[in-house]
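Residue numbers (the numbering used here), protein chains in the order written: chain S, 493 to 877; chain F, -19 to 276.
Below is the structure:
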C-alpha cells in the first residue's frame, strides 16, 4: 500500500513537473533577473520573409534584430536574455496558419505575426485560440484585432496621422483640391473618404474625385477630369507603383502644382520619377531624419548594425519587440497569461519608441506620424504647420 | 477633344501590345501567355542597361525591340518547337504550348521580382525621353503621346501590309492554314516561325518601352493586366485578323474612355468586358472574320 502511494506521489510530482515544463517551454529556467524570469526566453516571429511581401518582412526582421541586440546589451530584462527565431510564412496564408499552429503548440510565451493582412488574418484566430500573446506589424486588415484580446497591432493606422497632411494643405492656403484613389485597397478608400469628409474642416473643397484601380496603367482620362477645375492641390491616394504612374501622367499633362500622397508613395517608391517627384508631400509613421529622440536613437543603432538608414517597416519591428520586452518585464514571468496582463499595462501607459510617443486604443497602436517632402530622391521631414 | 486624344493613346498602346500576340496566335497557333512577361522583360532589360550608362532614348527603343524579339525567339526554340516536334496532335500541342508559356512567364516575372524587390522600375533620367507638353486651347498633348500614336498607326498599317501582300506574309498564312501543304510548296516553316516570333516579341518590346516612358514605371506583373485585355480584343476582332485587332482595341479603348468620362473609374474594367461579352454573344466568330475554315 505504502509502495503504491509512493508511486502515485512520484507520478503526481512528474505530472506537475511536466505541466510546469510545458508552460515554461521556450524559457530556460534559471536565476534570470531574480524576479521570476528565466535565464533565456525564446520568442518566435512568424514572418513573411519570402514571396511578394518578402522585402517588407526582411526589413521588419532587421528592426526586430536591432531591438533584441539592444535589449540584451543593456540588460533591460536583468540577466534574462531574449532570443528571437523566425519562421517563414512566405506571404502565404496557408503557410502562415501552419507555422502559427506549430509555434502555438511549441509553447513560446509570445509571438510576432506576419506582415501581410491575408496571412495575418489566417494566423490571428490560431494564436487567440492558443491564448498566445501576439503582436503584428503592418497587416492593416480591419478584422485583425477582432480575433480577440491576445492580438495587438504595433503599426498605426494611416488614418490616425493623416490629419498632418490635411493641416499641411490648410497651411498652404489650398481652397480647391482634386482626388484620385484606387478602389481596390480598403485602407486607400478609407483615406479618400477621410479626405472628402474633412475637407470643409481644413478650409478646402474637393472639386474633382476620380476613382481608378491599382491595375489601370493609363489614367489619362481621369487626369483630364482632375485638372479641369484647376485645383490648388491634388491628393494622389493610390497603391505603391501606381503612385509613379499617376504622378508621371500628371506631370506629362503639365501639372506643376502641389501633390500630396499617401504613405505608400514613400520608401523610395517614387525613385523612377526622378525630378518629377520633387515636392510631393506625404505623412508617414517614421522617418530616419526626424528630430524625435526615439527615432534618432533607433536610427543610430540600426545604422551601426546594418550600415544603412532604416525604413518604417524596420522601425515598426523594433517597436514591436520593445513592446514585448516591456510586457515581459511588467509580467516578471514567461507565462502567457501574465505577459498578456503585462501587454495590457504597457499599452495603457504607452512608451517612447522609434515611431515617437506610442499609445494604444483597443490594442491598436497610435503614433503622431511625421510629414515628409520628397526632393532629390530623399524624404526630408517637413516642419509642422 | 482631350478625351478623344486619351482614347487614341490608349488604343495605340493596346494595338502595339495585342498585335504581337495576335500574330503568333493567328498564324502559328501559339497562344503565348508569356507575351505579357516578354513585354515587361523588354522594358526591364533596357532599364537595367540604362542604369549603367546614359543610353539615348532613340537607341533604347530599338534595343527593347531586339530584346523582346530575342526573348520570343528563345521561347519558340526552347518551348514551342520541341512541343510541336514531340506532340503530333495539333490540339494537344496547342494546349501544351499554352502551359509551357505560363511556365516561361513565371520564370521571367520571378527574375524581375528578385532583381527589383518587386518594386516599380523606370528609365533613369539620363536616358528618358525629354517629353514636352504642347497646348492648343484647352487641349494638351505630350511628345511621348505623339510618338505612341504615330508608331501605333504606322506599325499596324505596316504589319497589315506585310501579312496581306508580302511573300513572307502569304507564306505565313499558308502555313497557318495547312503547314504540311505549305511545306510541300517550298515554304520553310522553321524560318517563318522564327521571323514571326521575333516580330511578335519586338512589338511587345516596343509597346513596353513606350508605355514605361508614358507612365513612368512598370512592375514585374504589369504585363498581366494588358494580356487579359489583349485576349479580349483579339477574340472581339477575330483571331488572326489584323483589322480585327485594330477594331477590338478601338472598342475597348473607346469604351473605357467613355466609361471614365461619364462615370467613376471603378466601372472601367467591368464595362469594357461587358461590351466584349455582348459582342461575343451576338457574333462569336469576331467582328472581322467572315467565315470559319476548318482544317481537316
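Backbone N, C-alpha and C fix where the C-beta goes; we use that ideal spot for every residue, glycine too.
Computed from a prediction, not measured in an experiment: that's the story for all the values here.
Does the CB of residue 704/S have a neighbour CB from chain F at under 7 Å?
yes
Sort out for me which residues DSSP pairs residue 111/F with in a bridge.
Looking at the DSSP assignment, residue 111/F forms no beta bridge with any residue, so it has no partner.
For residue 534/S, which residues in chain F fall below 9 Å Cβ to Cβ?
Neighbours of residue 534/S on chain F: none; closest Cβ ~30 Å, over 9 Å.
Can you tell me whether DSSP reads residue 607/S as helix, strand or coil?
coil
One question on the structure: do residue 47/F and residue 80/F come within less than 7 Å of each other, judged by their Cβ atoms?
no
Would residue 525/S pass as an interface residue toward chain F - the criterion being a Cβ-Cβ separation below 7 Å?
A caution first: residue 525/S carries a pLDDT of 45, below 50, which makes its placement in the model unreliable, though a value can still be read off. False, the Cβ-Cβ gap to chain F never drops below 7 Å.
What are the boundary residues of the beta strand (DSSP E) that includes residue 536/S?
532 to 539
Sorted by chain position, which residues of the same chain lie with C-beta nearer than 8 Å to residue 854/S's C-beta, five sequence neighbours on each side aside?
637
Let me know if residue 799/S comes out buried or exposed under the rule of 16 or more other beta-carbons within 10 Å of its beta-carbon.
exposed
Residues of the region 174 to 196 of chain F in Cβ contact with chain S at a cutoff of 8 Å, in chain order, please.
191, 194, 195, 196
Closest Cβ-Cβ distance between residue 200/F and chain B: below 7 Å?
Within the model displayed, chain B is absent; protein chains S and F are what it includes.
Please return the same chain residues whose Cβ sits closer than 6 Å to the Cβ of residue 259/F, not counting the five positions on each side in sequence.
216
Going by the beta-carbon positions, is the gap between residue 157/F and residue 223/F smaller than 7 Å?
no
Tell me which same chain residues have a C-beta within less than 7 Å of the C-beta of residue 200/F, skipping the five on either side of it?
20, 89, 92, 93, 96, 98
With a threshold of 7 Å between beta-carbons, can residue 752/S be considered close to chain F, or not?
no
Would DSSP call residue 495/S helix, strand or coil?
Only weak support is given to the placement of residue 495/S: the predicted model assigns it a pLDDT of 42, under 50, and the question is left unresolved by the model.
Return the residues of the region -9 to 5 of chain F that lie within a Cβ-Cβ distance of less than 9 Å from chain S, sorted by chain order.
-7
Which residues of the region 74 to 103 of chain F have a Cβ closer than 9 Å to any Cβ of chain S? Give them in chain order.
93, 97, 98, 99, 100, 101, 102, 103
For residue 241/F, which residues in chain S fall below 8 Å Cβ to Cβ?
713, 717
Provide the residue span of the alpha helix (DSSP H) that contains residue 849/S, from first to last.
Here residue 849/S belongs to no alpha helix (DSSP H); instead the beta strand (DSSP E) covers 848 to 853.
Measure the C-alpha to C-alpha separation of residue 741/S and residue 819/S and round it to an integer number of angstroms.
Taking the straight line from one Cα to the other gives about 48 Å.
Can a CB atom of chain F be found closer than 7 Å to the CB of residue 707/S?
Closer than 7 Å: yes.
Select from -18/F, 139/F, 12/F, 103/F the residue whose C-alpha is nearest the C-alpha of residue 33/F.
In terms of Cα proximity to residue 33/F, the closest of -18/F, 139/F, 12/F, 103/F is 103/F.
List, in order along the chain, the chain F residues whose C-beta lies closer than 8 Å to that of residue 948/S?
Because chain S here runs from 493 to 877, residue 948/S falls outside it and cannot be looked at.
Measure the alpha-carbon distance for residue 356/F versus residue 671/S and round it to whole angstroms.
Outside the modelled stretch of chain F, which goes from -19 to 276, sits residue 356/F, for which no answer is possible.
Secondary structure at residue 702/S, three-state DSSP: helix, strand or coil?
Strand, per DSSP.
Using a 10 Å radius around the Cβ and a threshold of 16 neighbouring Cβ atoms, would you call residue 65/F buried or exposed?
exposed
Is it the case that the Cβ atoms of residue 631/S and residue 612/S are separated by a distance below 7 Å?
Result yes, Cβ atoms of residue 631/S and residue 612/S sit closer than 7 Å.
In this structure, how does DSSP classify residue 529/S when only helix, strand and coil are distinguished?
Of the three classes helix, strand and coil, the one that applies to residue 529/S here is coil, per DSSP.
Would you say residue 764/S reaches chain F, if we count a Cβ-Cβ gap shorter than 7 Å as a contact?
yes
In angstroms, rounded to a whole number, what distance separates the CA positions of residue 155/F and residue 138/F?
Cα to Cα, the separation comes out at about 20 Å.
How many whole angstroms separate the CB atoms of residue 850/S and residue 861/S, which I take to be in contact at a CB cut-off of 8 Å?
Not a contact, Cβ separation roughly 12 Å.
Would you mind giving the Cβ-Cβ distance between residue 777/S and residue 653/S, rounded to the nearest angstrom? I have them listed as a contact below 8 Å.
Their Cβ separation, rounded to whole angstroms, is 7 Å, which keeps residue 777/S and residue 653/S in contact under 8 Å.
Determine which residues of the region 111 to 128 of chain F have a Cβ less than 8 Å from any Cβ of chain S, and write them out in chain order.
111, 113, 115, 120, 122, 124, 125
Which residues in the same chain as residue 60/F place their Cβ atom closer than 6 Å to its Cβ, once the five residues preceding and following it in sequence are excluded?
10, 77
By the 7 Å beta-carbon criterion, what residues does the region 548 to 572 of chain S contribute toward chain F?
If you check each beta-carbon in the region 548 to 572 of chain S against every beta-carbon of chain F, none falls closer than 7 Å.
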